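First comes the structure, then the notes that go with it.
There are 2 protein chains.
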Amino acid sequence: MRKKPSCIDVAEMAGVSTATVSYVFNGRRNANVPDATKRRVMDAAERIGYRPNRLAKGLAGGKTHLVGMVTRLDTFDARIASPIRGELSNRGYQVLLAHNQTHWELEQRDFEQLLEHQVDALICISGGWGAPERPLVTWVLEAGIPCVIVNDREASGRIDSVVSDNRGGAKAAIDHLVSRGHRRIGHVPGLECVFTGREREIGYAEAIRDAGLEYDPDLVQGEGYDIKTGYDGTRKLLALPNPPSAIFAANDANALGVYRAATDLGLRIPDDLAIVGFGNEREAEALQMTTIDQHPDEMARVAVERLFVRMRTMELPAVTQTVPVTLLPGRTS
Amino acid sequence: MRKKPSCIDVAEMAGVSTATVSYVFNGRRNANVPDATKRRVMDAAERIGYRPNRLAKGLAGGKTHLVGMVTRLDTFDARIASPIRGELSNRGYQVLLAHNQTHWELEQRDFEQLLEHQVDALICISGGWGAPERPLVTWVLEAGIPCVIVNDREASGRIDSVVSDNRGGAKAAIDHLVSRGHRRIGHVPGLECVFTGREREIGYAEAIRDAGLEYDPDLVQGEGYDIKTGYDGTRKLLALPNPPSAIFAANDANALGVYRAATDLGLRIPDDLAIVGFGNEREAEALQMTTIDQHPDEMARVAVERLFVRMRTMELPAVTQTVPVTLLPGRTS
DNA sequence: GTGAAAGCGCTAACAT
DNA sequence: ATGTTAGCGCTTTCAC
Numbered sequence: 001m002r003k004k005p006s007c008i009d010v011a012e013m014a015g016v017s018t019a020t021v022s023y024v025f026n027g028r029r030n031a032n033v034p035d036a037t038k039r040r041v042m043d044a045a046e047r048i049g050y051r052p053n054r055l056a057k058g059l060a061g062g063k064t065h066l067v068g069m070v071t072r073l074d075t076f077d078a079r080i081a082s083p084i085r086g087e088l089s090n091r092g093y094q095v096l097l098a099h100n101q102t103h104w105e106l107e108q109r110d111f112e113q114l115l116e117h118q119v120d121a122l123i124c125i126s127g128g129w130g131a132p133e134r135p136l137v138t139w140v141l142e143a144g145i146p147c148v149i150v151n152d153r154e155a156s157g158r159i160d161s162v163v164s165d166n167r168g169g170a171k172a173a174i175d176h177l178v179s180r181g182h183r184r185i186g187h188v189p190g191l192e193c194v195f196t197g198r199e200r201e202i203g204y205a206e207a208i209r210d211a212g213l214e215y216d217p218d219l220v221q222g223e224g225y226d227i228k229t230g231y232d233g234t235r236k237l238l239a240l241p242n243p244p245s246a247i248f249a250a251n252d253a254n255a256l257g258v259y260r261a262a263t264d265l266g267l268r269i270p271d272d273l274a275i276v277g278f279g280n281e282r283e284a285e286a287l288q289m290t291t292i293d294q295h296p297d298e299m300a301r302v303a304v305e306r307l308f309v310r311m312r313t314m315e316l317p318a319v320t321q322t323v324p325v326t327l328l329p330g331r332t333s
Numbered sequence: 334m335r336k337k338p339s340c341i342d343v344a345e346m347a348g349v350s351t352a353t354v355s356y357v358f359n360g361r362r363n364a365n366v367p368d369a370t371k372r373r374v375m376d377a378a379e380r381i382g383y384r385p386n387r388l389a390k391g392l393a394g395g396k397t398h399l400v401g402m403v404t405r406l407d408t409f410d411a412r413i414a415s416p417i418r419g420e421l422s423n424r425g426y427q428v429l430l431a432h433n434q435t436h437w438e439l440e441q442r443d444f445e446q447l448l449e450h451q452v453d454a455l456i457c458i459s460g461g462w463g464a465p466e467r468p469l470v471t472w473v474l475e476a477g478i479p480c481v482i483v484n485d486r487e488a489s490g491r492i493d494s495v496v497s498d499n500r501g502g503a504k505a506a507i508d509h510l511v512s513r514g515h516r517r518i519g520h521v522p523g524l525e526c527v528f529t530g531r532e533r534e535i536g537y538a539e540a541i542r543d544a545g546l547e548y549d550p551d552l553v554q555g556e557g558y559d560i561k562t563g564y565d566g567t568r569k570l571l572a573l574p575n576p577p578s579a580i581f582a583a584n585d586a587n588a589l590g591v592y593r594a595a596t597d598l599g600l601r602i603p604d605d606l607a608i609v610g611f612g613n614e615r616e617a618e619a620l621q622m623t624t625i626d627q628h629p630d631e632m633a634r635v636a637v638e639r640l641f642v643r644m645r646t647m648e649l650p651a652v653t654q655t656v657p658v659t660l661l662p663g664r665t666s
């Protein structure tokens, strides 16, 4: 096994200089390489199995065509991550993975790695950007690297973000339930400290008032995104002197907990209790739950589009783009 | 914004040569750098915010500490991908993403990108490695790059792989059902052309015979991993003159289809029909289905371990490592 | 239209 | 124990 062929080998074999090889492979802004030379170079490259070295290219040219992607790859995140990778790949960019950590030191280690690899930009999926002391915000800003946050929002609004219409989704859920005749609608919210959690709860409250119903704080119980939260919250809601006839859950896992609590109490769904989740995740599919689809592919598309705008210039102010959601009727409402 | 500091800057500021900086940052095999110099260098680096450039390092040293990961990031794959990334990160390796494609030309484009970025190795999650004409096999072999396949197996056995004990899982499912008194047990298999699908079907057949039951080909209906397959397969199974009292499905989505078909026919689960799925996916959790846990974290651990063995030498013959599975009893059996 | 040559930031012999 | 130096493979200005 001999060494990998370099552009020097190609140049020699084609009887040109390495500069010309570079011109042929990258397309030059100035002069044009005549088709004859172009062909000679390509043939030589083909013949010796030449493959350009991105490291050298990055070192010399200053751009790596690498984008760092910070994500936990879990549930909804993975559904955004995959199309993001696809979009980037179509534009000639590759994705270097990093992980959203709860431990900031670990997160820093990963982040440093991305920078050492000279990524041209960053895409961060979810991950608690609202925390006011989150160091990653500072690091990103200090590094001056193009960055887009997806499915979350940085508190001070200094970094671009793409989110789904969480309030709109909550409103759609409530309106749907109201149209089915429900007048007392409970909510099991997500985490107060998470953007989507807050937004959906605000959307719930607004929609309740918009519908002319009374907002009752007792109708909001629990805080979290797992089955247990939904379960416990629902037990409390149903123990109320005047219990709700419908519950809007902050996400589908939470909604699954609602479902279990209700059925454990012998309630029939949707007759005794209607349920609407959020996210169109697989537990919703499994139970044929009414839920809100967040269109992860569209979020990915918008996010990458935004990233390329940002890569063009860092001067523009940061913006938040909102992707519409869709209510998906199921058998639980 | 001035240029990024390089090791030259650090060397100057610390009053040493770039070689020494390199020694300090990488730990040398030969001589030791005294603590005094070490500290001077580190201080200087800290002060000017030096960050080593991986591109230069890779170019000069020949190793990038980059591993290409080929995955679709869907469902089960994402659950393996995430811990693999974690393991690699702990060992100082970063992950470059690529996508398993059905279109081989797209897959080639991605694969070429990985090689251009000079990845040190490859991890491929699932993705149809059994197809005898799959070009990726040839490319990997030709490139002579260390590679481990996870949750699949290359047909000719020339590439290392890590799989879960698919046959054992099937056997555990059947034994479980037999112990519950079932004597006619149906199967809705996965795809014949996919390793896990074949293995689970073989495991089913073996277990049936081992249990002293008669293997009836009519009891195997359908082929696939989605709800529709499970649904249609079950309709056929239940229309049999002598229908099964239990069904083992190739995966949990498939099992969900089984569940729906049964309930649509008014059957009670598990009394009228018992169901066992495979994978411990979220639809199983949602329905509290009996299923087989594949321990994705362990698969990831073993895969990375294997990859490092392979990176050490390409001389050893390729092996297949099998990770045990666990039956998770639920309410559907 | 094409070539010569100076980097890009770092590593690894080889010297000292 | 540390410095010197020749690359690693490519881009890019500036000549010709």
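Chains as they are written, first to last, in our numbering: chain A, 1 to 333; chain B, 334 to 666. A virtual CB, placed ideally from N, CA and C, is assigned to each residue, including glycine. Being a predicted model, the structure only gives us computed values, none of them experimental.
Using beta-carbon positions only, say whether residue i and residue j come within less than 8 Å of one another.
i        : j        : result
GLN621/B : GLY663/B : yes
ASP559/B : THR655/B : no
ARG153/A : ILE202/A : no
VAL473/B : VAL483/B : no
ALA464/B : LEU447/B : no
PRO629/B : ILE456/B : no
ARG54/A  : GLN451/B : yes
VAL511/B : ASP493/B : no
LEU429/B : LEU96/A  : yes
TYR356/B : VAL343/B : no
ILE208/A : ILE174/A : yes
ILE417/B : VAL637/B : yes
ALA205/A : SER245/A : no
Among the options, which has the Cα closest to the Cα of residue i?
i        : options                                : result
PRO550/B : PRO576/B, GLY514/B, PRO629/B           : PRO576/B
GLY197/A : ASP252/A, LEU240/A, SER245/A           : ASP252/A
ILE381/B : THR370/B, GLY391/B, MET346/B, LEU406/B : MET346/B
ALA261/A : ALA300/A, SER179/A, GLY62/A, THR234/A  : THR234/A
GLY555/B : ASN587/B, TYR537/B, VAL527/B, LEU546/B : ASN587/B
ASP453/B : HIS520/B, PHE444/B, GLU618/B           : PHE444/B
GLN434/B : GLY460/B, ILE417/B, GLY519/B, VAL428/B : GLY460/B
THR397/B : GLY61/A, GLY62/A, LEU219/A, ALA56/A    : ALA56/A
LYS228/A : SER245/A, TYR215/A, ILE208/A, ALA249/A : ALA249/A
VAL41/A  : SER6/A, LEU316/A, VAL220/A             : SER6/A
GLY186/A : GLY277/A, GLU142/A, THR263/A           : GLY277/A
VAL70/A  : LEU136/A, LEU328/A, THR18/A            : LEU136/A
ARG601/B : SER666/B, GLU475/B, ALA393/B, GLY563/B : SER666/B
VAL553/B : LEU570/B, ALA377/B, THR646/B, TYR564/B : LEU570/B
PRO211/A : ALA172/A, PRO241/A, LEU240/A, GLU199/A : Sequence inspection shows Ala at residue 211/A; the Pro mentioned does not correspond to that position. Closest by alpha carbon: ALA172/A.
SER82/A  : ILE125/A, GLY190/A, LYS3/A, GLY27/A    : ILE125/A
Helix or strand or just coil, what does DSSP make of residue i?
i        : result
SER245/A : coil
LEU448/B : helix
GLY425/B : coil
ILE560/B : helix
ILE541/B : helix
ALA239/A : coil
CYS340/B : helix
VAL470/B : helix
ALA131/A : coil
GLY86/A  : helix
THR313/B : Residue 313/B lies beyond the stretch modelled for chain B, which goes from 334 to 666, so this question has no answer here.
GLN321/A : strand
THR326/A : strand
VAL483/B : strand
GLY478/B : Here residue 478/B turns out to be Ile, not Gly, going by the sequence shown. In this structure, ILE478/B counts as coil in the three-state DSSP scheme.
Any heavy atom of the ligand HEM closer than 7 Å to the CB of residue i?
i        : result
LEU421/B : What this structure holds is no ligand at all, so the ligand HEM is not there to describe.
So if I threshold CB-CB distances at 7 Å, which residues from the segment 366-390 of chain B count as touching chain A?
ARG384, PRO385, ASN386, ARG387, LEU388, ALA389
Any chance you could list the alpha helix (DSSP H) runs of at least 4 consecutive residues sitting entirely within the segment 244-309 of chain A, in chain order?
252-264, 282-287
Kindly provide the ranges of any beta strand (DSSP E) runs that are 3 or more residues long and lie completely inside the segment 34-82 of chain A, ordered along the chain.
66-70
For the segment 156-180 of chain A, list the beta strand (DSSP E) runs that are entirely contained and at least 3 residues long, ordered along the chain.
160-164
Can you give me, in chain order, the residues of the segment 261-292 of chain A that have a beta carbon less than 8 Å from any beta carbon in chain B?
GLU281, ARG282, GLU283, GLU285, ALA286, LEU287
Residues of the segment 214-247 of chain A with Cβ closer than 7 Å to any Cβ of chain B, in chain order
none
May I ask you to list, following chain order, the residues of the segment 497-522 of chain B that have a beta carbon less than 9 Å from some beta carbon of chain A?
none
Could you list the residues in the segment 413-433 of chain B with a C-beta less than 7 Å from some C-beta on chain A, going in chain order?
ALA414, SER415, ARG418, GLY419, SER422, GLN427, VAL428, LEU429, LEU430, HIS432
Looking at chain B, which residues of the segment 104-120 of chain A have a Cβ within less than 9 Å of any of its Cβ atoms?
LEU106, ARG109, ASP110, GLU112, GLN113, LEU114, LEU115, GLU116, HIS117, GLN118
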